Every structure is written in structure tokens, then in C-alpha cells.
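Have a look at the structure below, then the notes.
2 protein chains.
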Amino acid sequence: MTEATPARRGGRQLPTSDELRIWRDFIETTAALSSRLESRLQNDSSLSTGDYAVLLALSEAEGQAMRSSALAAHIGWERSRLSHHLGRMERRGLIRRQECATVPRGAEVLLTPAGAEAFRGATFPHLRAIRELFVDALTPDQVLVAGEIAAALRVHLDALGEK
Amino acid sequence: MTEATPARRGGRQLPTSDELRIWRDFIETTAALSSRLESRLQNDSSLSTGDYAVLLALSEAEGQAMRSSALAAHIGWERSRLSHHLGRMERRGLIRRQECATVPRGAEVLLTPAGAEAFRGATFPHLRAIRELFVDALTPDQVLVAGEIAAALRVHLDALGEK
DNA sequence: ACCTACCGGTTGACGTGTCAATGATGCTAA
DNA sequence: TTAGCATCATTGACACGTCAACCGGTAGGT
Numbered sequence: 001m002t003e004a005t006p007a008r009r010g011g012r013q014l015p016t017s018d019e020l021r022i023w024r025d026f027i028e029t030t031a032a033l034s035s036r037l038e039s040r041l042q043n044d045s046s047l048s049t050g051d052y053a054v055l056l057a058l059s060e061a062e063g064q065a066m067r068s069s070a071l072a073a074h075i076g077w078e079r080s081r082l083s084h085h086l087g088r089m090e091r092r093g094l095i096r097r098q099e100c101a102t103v104p105r106g107a108e109v110l111l112t113p114a115g116a117e118a119f120r121g122a123t124f125p126h127l128r129a130i131r132e133l134f135v136d137a138l139t140p141d142q143v144l145v146a147g148e149i150a151a152a153l154r155v156h157l158d159a160l161g162e163k
Numbered sequence: 001m002t003e004a005t006p007a008r009r010g011g012r013q014l015p016t017s018d019e020l021r022i023w024r025d026f027i028e029t030t031a032a033l034s035s036r037l038e039s040r041l042q043n044d045s046s047l048s049t050g051d052y053a054v055l056l057a058l059s060e061a062e063g064q065a066m067r068s069s070a071l072a073a074h075i076g077w078e079r080s081r082l083s084h085h086l087g088r089m090e091r092r093g094l095i096r097r098q099e100c101a102t103v104p105r106g107a108e109v110l111l112t113p114a115g116a117e118a119f120r121g122a123t124f125p126h127l128r129a130i131r132e133l134f135v136d137a138l139t140p141d142q143v144l145v146a147g148e149i150a151a152a153l154r155v156h157l158d159a160l161g162e163k
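These protein sequence lines map, in sequence, to chains A and R.
Each residue of the first sequence is one higher than the last, beginning at 1 in full-length UniProt numbering.
Each residue of the second sequence is one higher than the last, beginning at 1 in full-length UniProt numbering.
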């Protein structure tokens, strides 16, 4: 975990073919996993994972409402992405937007009853799908190691910055 | 078969909060990793990973050409996705399409010189990015385990079928 | 007071992906 | 022969994401 990598590996610049094969397996399989979960959620509740993230955040907020920028920060989205997504969710009646009384120029996002209901109906199947597709696929030990790998990748990405 | 896995874990239906935290870390970090690699490739060569996959397949094909459906099967895409993507790549001059002489109604996809050149220029930086962003983030052991985890997830997804 | 610079949010253009419908063309069975 | 039928590829409609431009308003500095 601490060893300086290029030196320890002889200053190689390119991955070996084994590393490359693992990379492809890893990245393609995780993508397939996301997309499978996405379609489960879609079938079970007609929500996308984006919808789910927004509804989850609003459900947990007091008054079932949040400022748009706070919501974006909370779920880690860019403002423009959130704005587009909220437009689509508003058309479907899942949320409403209104001018914020306290902050001028601020927009308040509110959960509608229909949105709250859709979220309630989606939660259980979604969590069950996570168990079936991810947790059940791995041994308890592999689950832990998956967490460590994710953490290591995250640290490395953050260290490289550049974004 | 209905009881097999839950039984081993006491019939739980939902993931524990630890499992859920690991799931989120895992899926979000792998998504971030893909997207970082995507933007590296974009900056280094003005290609997307989709472009890269297509150009790689064509480069390795004899005559730098493939039937559209063979190409789709080779890289694991739906036909419609490939057709849309080829349209965009054709507009940029990376590939050409022509009626296939041997198979009626078949379309032959050819690599253009510009496409070949773009692929040549992209390969080295792309592989280097895979090393920097993935291989270097992990210990050699973690890389192996990542491969095992991917394999286990893949097997499980395939076993569940449903798509 | 005025100019500027930022801040919060929206918009438009475009690349990308899925699904369902549509041509166009062969193969097969009545 | 001809009525289906499968196959190969494209198309259109739409959801989703990013980037860059924009807009309205507040805050500082002069």
C-alpha cells in the first residue's frame, strides 16, 4: 500500500497484459453491474438511479425540501446536471421548484406527494437488488476487500487531482 | 434455489449499513475511475472510449475492415448503438462505410488513414493512463483480488440472466 | 453612485445510450 | 409462386451528461 510504485515495478510505463485483462474485466463488469441495477430500478419503480438519489436526499431533508445548490453538493452533481434533471422530474410531477423566500435568487426544491410515494415504493426493491446483485455475488471477505479497493482507488484519484 | 443464499446469511433480505456503504463507495468510485479515464483519453487524443473500442477492433481486423454486425458482436454493443456511433465517427472522418460485396445487405466498416492515425496516437497515453489510474493505485495483490471480484460479479450476473 | 466581479441557477448545443419501429433482403414452407 | 419470417442495418424519439454561455442580482472597491 505504501510502496512507490513505478520504482518497485522497474519504471514500467505500460500495464502488463495480465494487468490489462484485469482492468478490462473490472471496468466492464462494474459497468454491467450498474446498468443491471439501473434497469432493475426502472422495472420495479419507473425511477432512474438519478431520480432515486434526488428523492433520497429530499426525503431526508427537513420539510422535504432543499436549496438547489445544497442538493447538488449533497449528491455530488454539477449544477447544470441537476437543473436538467430537476426539469425532467418536475415534468413527471416528482418534485416542484419555487423561489426561495430567504435567499434571493435561490431556488427551493420540494418533494411532492407523488415523489414521496414513488420513493417509498422504490426503496425496498432497490436495496434488495443491491443485495442480490452485489452482496450475494461475493463472499463476506470479498465484500470487505472490495471496500478497500474502492478506498484505495478513491485516495489515488483524489491525490492525482486534475479535475 | 429461492432460499439458497439468504439462508446462508440468516434470511436477511436487505444489505446491512456496512454493506450499503461499501456498495456506494465501490460503485461511485468505479464510475469516477471510468470517467477520469474517459477525460484523459479525450484530452490526449480527442477520442472517446467508444471511439477507441471501435478503432482498436478495426485496427486488429484484416484489411482494417469488418462487417458491422461482426464489429458489434466483437465489442459487445447493440447494433443500434453501433450504428449511431459509426454515424458520428464517419462525420469526423475516422471510418467509412460501404456496401459489402460478399454479403448482400451487409455493411462493411473501414478504417480511414485519419482513423488509423488517431488510434496510433491514442494507444500509448491510454495504456499509460490505465497504469496510472488503476494499476498504480493498488498493490499487486489488490490488483489480483480486483480481478477475482470482477470474475465473481460477472459469474453472478450471468447466472441471474434476465437480460 | 458606478463599475466590476462573483454567485446561483438556467439554457442550448451536442455526444452518448436505449427502445421500438422501419426498410430492405434473403429463406422457407404452403 | 408467394406469403410469411428471420436477418442486417438504420432511424427517430427520448433520457441522460458535459461544456460553455448566459442572466439576474448582490457585494466590493474606487
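For each residue, glycine too, the CB sits at the ideal point set by N, CA and C.
None of the values given here were measured: they were computed from a predicted structure.
For R96 of chain R, the secondary structure class from DSSP, reduced to helix, strand or coil, is strand. If you look at A107 of chain A, you'll find it in the beta strand (DSSP E) that goes A107 to L111. For V145 of chain R, the chain A residues whose Cβ falls inside 8 Å of its Cβ are Q142, V145 and I149, in order along the chain. By the criterion of a C-beta distance shorter than 7 Å, F26 of chain R is surrounded by no residue of its chain, once the five residues flanking it on both sides are discounted. At a C-beta separation below 8 Å, F119 of chain R has no neighbours in chain A, since its nearest C-beta there lies roughly 16 Å away. Annotation: H74 of chain R has no Cβ neighbours in chain A at a cutoff of 9 Å; minimum Cβ distance is about 13 Å.
Shown here for G121 of chain A: same chain residues with a beta carbon closer than 6 Å to its own, the five before and five after excluded, namely S45 in chain order. Under the DSSP definition of a beta bridge, A65 of chain A partners with A:L110. Interface criterion met: the Cβ of S34 of chain R is under 8 Å from a Cβ in chain A. D51 of chain R counts as buried, since at least 16 other C-beta atoms from the protein chains shown sit within 10 angstroms of its C-beta.
The DSSP-derived three-state label of L82 of chain A is helix.
Within its own chain, no residue has a Cβ closer than 8 Å to the Cβ of G147 of chain A once the five positions on either side in sequence are excluded.
Interface annotation, W23 of chain R: in contact with chain A, CB-CB separation under 8 Å. Rounded to whole angstroms, the Cβ separation of S59 of chain A and F119 of chain A is 6 Å, and the two are in contact under 8 Å.
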